[in-house]
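Inspection log for the structure reproduced underneath, given as structure tokens.
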Amino acid sequence: MTLETDITCLRRVPLFRSLPGPRLKLVALMGERLHFDAGARIIAEGEMPEGVYVVLEGEVEISHERSDGRSKRFLLASGSIIGDVPILCGQSYVGEVTAKSDVSTLRLPKDLFFELLETIPDFSIALSRDLAARLYRLADFVLHDEKVH
Numbered sequence: 589m590t591l592e593t594d595i596t597c598l599r600r601v602p603l604f605r606s607l608p609g610p611r612l613k614l615v616a617l618m619g620e621r622l623h624f625d626a627g628a629r630i631i632a633e634g635e636m637p638e639g640v641y642v643v644l645e646g647e648v649e650i651s652h653e654r655s656d657g658r659s660k661r662f663l664l665a666s667g668s669i670i671g672d673v674p675i676l677c678g679q680s681y682v683g684e685v686t687a688k689s690d691v692s693t694l695r696l697p698k699d700l701f702f703e704l705l706e707t708i709p710d711f712s713i714a715l716s717r718d719l720a721a722r723l724y725r726l727a728d729f730v731l732h733d734e735k736v737h
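Quick note, the sequence shown lines up with residues 589 to 737 if you use the numbering used here.
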């Protein structure tokens, strides 16, 4: 893919829509484009994040195998961000991330991610809104769809 294609893909991600053109180009240039075949592991559970992954194309699955043999899984589609939460709270990944289909990502180094947060208020606000929306969906799931003992 070309730089222009990467920029076009990033513009489709709500988190990056508010970035000025030159910053978006910088993100596309500094990001590392990675491709994963269906079934490939992208991130191991317990791994410390070195960057944030933007899923440009494809679908990924986050899973956790419990000690009792049961597992939890959920899917993320293109446009999703992976790794922002562990980076922000200084924690490791709580689950394994695998490619459910062929997946293209743009991996943004941790330093670039923090630079965007520090220098572009619209990016910080967009990330805050995205995190709040994910937290709301999680609370809704826990309170309404899952049995609690």
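Idealized CB from N, CA, C, for every residue including glycine.
Counted as a single uninterrupted DSSP element, the alpha helix (DSSP H) harbouring A721 occupies residues P709 to H732. The continuous alpha helix (DSSP H) containing G609 extends over residues G609 to M618. One alpha carbon belongs to R725, the other to L591, and they sit about 33 Å apart.
Secondary structure of P637 (DSSP, three-state): coil. Only residues of its own chain outside the window of five on either side were considered, and among them R695, L696, P697 and K698 have a CB closer than 6 Å to the CB of G639, listed in chain order.
By alpha-carbon distance to C597, the top candidate from T707, I675, D718 and S668 is S668.
The C-beta of S655 has fewer than 16 other C-beta atoms within 10 Å across all chains shown, which makes the residue exposed.
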